[in-house]
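Numbering (the UniProt record's numbering), first residue to last: 1 to 571. Since the structure comes first, as structure tokens, the remarks are kept for the end.
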Amino acid sequence: MAQMLAVVGGGDLGTHAVLAGEALRQAAARLGQALDLELRGKGVGGNPLAESAIARGDSVLLIGEGDLGEGRFGTMRKVRIGIEEVLTDADSVLGRFLAGSDTAPTAPDAGGRMRIVAVTSCPTGIAHTFMAAEGIQAAAQALGHEVRVETQGSVGARDALTAAEIASADIVLIAADTGVDRSRFSGKRLYATNTKAAIRDGKGLIATALAEAQVQGQIAETEERPSRPAAAESRAGAYKHLMTGVSFMLPFVVAGGLLIALAFAVGGIDAMKPDHAGSLGYALGEIGAKAAFALIVPALAGYIAYSIADRPGIAPGMIGGMLAANLQAGFLGGIAAGFIAGYVTRFLNRHIRLHRNLEGLKPVLILPLLATTITGLMMIYVVGVPVAAILAGLTDWLKGMQGASALVLGLILGGMMAVDMGGPINKAAYASAAALLSSGVDAPMAAVMLGGMTPPLGIALATRLFPNRFSQPEREAGGAAAVLGAAFITEGAIPFAAADPLRVIPSMVAGSALAGAIALTAGVTLKVPHGGLFVLPIPNAVTNLPWAVIALVAGTVVTGLMVGLLKKRSA
1 MAQMLAVVGG GDLGTHAVLA GEALRQAAAR LGQALDLELR GKGVGGNPLA
51 ESAIARGDSV LLIGEGDLGE GRFGTMRKVR IGIEEVLTDA DSVLGRFLAG
101 SDTAPTAPDA GGRMRIVAVT SCPTGIAHTF MAAEGIQAAA QALGHEVRVE
151 TQGSVGARDA LTAAEIASAD IVLIAADTGV DRSRFSGKRL YATNTKAAIR
201 DGKGLIATAL AEAQVQGQIA ETEERPSRPA AAESRAGAYK HLMTGVSFML
251 PFVVAGGLLI ALAFAVGGID AMKPDHAGSL GYALGEIGAK AAFALIVPAL
301 AGYIAYSIAD RPGIAPGMIG GMLAANLQAG FLGGIAAGFI AGYVTRFLNR
351 HIRLHRNLEG LKPVLILPLL ATTITGLMMI YVVGVPVAAI LAGLTDWLKG
401 MQGASALVLG LILGGMMAVD MGGPINKAAY ASAAALLSSG VDAPMAAVML
451 GGMTPPLGIA LATRLFPNRF SQPEREAGGA AAVLGAAFIT EGAIPFAAAD
501 PLRVIPSMVA GSALAGAIAL TAGVTLKVPH GGLFVLPIPN AVTNLPWAVI
551 ALVAGTVVTG LMVGLLKKRS A
């Protein structure tokens with residue numbers, strides 16, 4: 001049987017290289033295929049392919065990014081593939097490779113080489129943003145295309161595309177779960193989808209984009225009709241618009257929550273009372289409560305509308321959000337205002353026709369005036385009062401939770417965080433808890449954060465308690481999972497879940513559900529929507545801190561024990 005070679009490059013994510021290499025080893029063993037493997041990346045390596053192995057090989061699988069040392073392999077058959085595809089289904093990758101399919105020329109002719117610029121974005125800009133970027137980069141490289149990817153998140157843009165790069169590009173690819181400003185791509189062929197498509201099948205995404213991309217119109221034309229394909233628009237739906245609003249809302253919640261906590265730490269529990277005016281604690285409380293928190297609902301509504309109708313929707317959405325806050329309709333009213341403003345603006349944008357010389361008045365005069373008027377009147381006369389009543393009832397129920405109701409809600413929220421580890425179910429729980437912070441309800445956020453930290457921490461514990469259930473690279477990767485879990489990055493558990501989903505995912509859900517249930521039952525609250533262990537020491541950021549730690553430890557232990565007991569012994 002021919003010797004097969006593989007080189008796995010993880011770049012700065014050395015853990016991914018280790019996990020992908022182990023998945024390949026196991027897949028090769030199941031197929032009875034001889035495999036020589038080399039790992040490259042930060043913190044791994046030191047075991048390069050031997051010259052004798054290269055001499056015996058007739059094909060090489062090049063996985064991931066960075067310098068993989070291709071020159072060593074001469075005219076040998078080379079196949080490039082993304083590291084995420086190996087982590088998802090190593091058996092399928094190896095089967096296609098051995099069958100001689102799924103190949104791509106490493107140096108395509110100039111006529112087939114495309115210049116691709118891409119933008120990726122998810123609501124928090126932590127994991128899926130960069131996984132999608134890696135998927136696009138690996139796929140483009142495998143297909144022989146040039147690619148530049150800009151990543152966007154709550155912290156802003158990284159590796160921003162330059163005007164020259166956009167001008168020279170053949171196609172623009174947007175893989176985002178939030179709205180992305182497209183005005184700078186005017187006149188370029190553009191295709192938009194979500195991050196999941198880029199993570200799962202980067203090659204298929206690029207092929208689809210090349211076939212279905214549509215020319216992005218000039219700015220005025222873009223405001224009249226959606227620039228993205230109808231199918232992609234349909235797939236995005238309300239969830240994407242809501243996640244855009246949440247993405248822009250989060251910095252206000254984080255800043256406000258931490259400033260209020262610091263106000264209490266500096267000035268005591270009465271720091272924000274009027275008789276403490278002029279003190280540092282009072283000033284910090286004013287900034288956090290009356291500035292940052294006052295903008296949470298307008299930001300949520302404004303950027304939901306922006307996702308639907310682009311820039312013309314921002315002003316009507318924010319004004320509708322401010323009305324929702326003034327009417328005591330809170331985040332529910334803000335969500336309603338955002339969707340009303342967005343769809344009203346888009347409808348007016350499509351149907352109001354002006355002479356070309358007057359077209360410039362639409363985005364700066366006509367749309368803001370008409371859309372704001374309609375949105376505002378609907379909020380005051382139709383939406384505001386009933387939504388305020390619903391929010392008041394919901395707030396009273398959540399604040400008065402105890403016993404069985406707290407237990408059940410904690411189980412649900414905690415479990416949701418572990419089901420898909422950063423996917424739609426996880427994000428739905430997170431967005432709901434983050435939005436509730438604006439209404440002064442901070443218990444659900446505690447269940448969500450503790451439930452989201454538990455999966456990677458539980459996996460890390462399992463690799464220590466049950467080392468024989470994991471390969472050596474997996475045991476080494478357990479340390480990285482622990483760091484990610486401590487930072488509330490649930491996605492740190494994805495590689496382990498992908499390798500053994502039927503055993504690992506139920507174990508993680510059980511641990512996260514327990515952590516959430518203990519937190520809510522014990523009355524733990526959390527004033528900030530991110531940060532993991534690093535926000536716990538901040539005075540007053542967490543109430544009932546001992547029980548928060550107990551909940552986290554209990555959930556981690558349950559996940560670790562279940563994973564260790566359910567997983568089979570590593571080969």
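Cβ coordinates follow ideal geometry from the N, Cα and C atoms, glycine included.
Boundaries of the beta strand (DSSP E) harbouring residue 36: 35-40, taken from the DSSP string. The closest CA to that of residue 55, considering only 550, 555, 36 and 174, is found on 36. Residue 86 and residue 53 have their C-alpha atoms roughly 22 Å apart. Per DSSP, residue 168 is not a residue of any beta strand (DSSP E); the alpha helix (DSSP H) it occupies stretches across 163-168. Residue 507 has no beta-bridge partner at all, per DSSP. The C-beta separation of residue 536 from residue 517 comes to about 19 Å, leaving the pair out of contact by the 8 Å criterion.
Between the stretch 537-556 and the stretch 518-528, the count of Cβ pairs shorter than 8 Å is three or higher; the stretches touch. Between residue 198 and residue 175, the CB-CB gap stays under 8 Å. Counting other Cβ atoms within 10 Å of its Cβ, residue 149 reaches 16 or more and is therefore classed as buried. For residue 64, the three-state secondary structure derived from DSSP is strand. Around the CB of residue 527, 16 or more other CB atoms lie within 10 Å, so the residue is classed as buried. Exclusion of the five residues before and after residue 64 leaves 8, 9, 10 and 83 as the residues of its chain whose Cβ lies within less than 6 Å of its Cβ.
A straight line joining the alpha-carbon of residue 312 with that of residue 559 spans about 47 Å. Only residues of its own chain outside the window of five on either side were considered, and among them 285, 288, 289 and 527 have a CB closer than 7 Å to the CB of residue 260, listed in chain order. Bounds of the beta strand (DSSP E) holding residue 118 are 115-121. For residue 530, the CB contacts under 8 Å within the same chain, skipping 5 residues up- and downstream, are 124, 250, 254, 449 and 488 in chain order. Here DSSP, grouped into helix, strand and coil, assigns residue 175 to strand. As the crow flies, the alpha-carbon of residue 98 is around 14 Å from that of residue 62. Within the same chain, Cβ atoms closer than 6 Å to the Cβ of residue 159 are found at 150, the five residues on either side in sequence being excluded.
For the pair residue 360 and residue 341, the Cα-to-Cα distance works out to about 20 Å.
In this structure, residue 375 lies near residue 337, with their beta-carbon atoms less than 8 Å apart.
Nearest Cα to residue 57 within the set 67, 72 and 47: 72. If you draw a straight line from the Cα of residue 190 to the Cα of residue 204, it comes to about 16 Å.
Collapsing the DSSP output to three states places residue 469 in a helix. Taking 8 Å as the cut-off, the Cβ atoms of residue 300 and residue 331 count as close. In the three-state reduction of the DSSP assignment, residue 8 falls in the strand class, which pools E and B. Between the alpha carbons of residue 394 and residue 242 lies a gap of roughly 20 Å. Per DSSP, residue 191 is one residue of the beta strand (DSSP E) stretching across 189-193. A Cβ-Cβ contact shorter than 8 Å links residue 113 with residue 144. In terms of CA proximity to residue 513, 410 leads the group 553, 410 and 479. For residue 80, no alpha helix (DSSP H) segment is defined; the enclosing uninterrupted segment is the beta strand (DSSP E) at 77-81.
For the pair residue 493 and residue 481, the CB atoms are nearer than the 8 Å cut-off.
The count of Cβ pairs closer than 8 Å, one atom from the stretch 453-469 and one from the stretch 496-511, reaches three, so the stretches are in contact. Rounded to the nearest angstrom, the gap between the Cα atoms of residue 183 and residue 272 is 43 Å.
Comparing alpha-carbon positions, the option among 354, 320, 326 and 327 lying closest to residue 344 turns out to be 320. If you draw a straight line from the Cα of residue 23 to the Cα of residue 472, it comes to about 12 Å.
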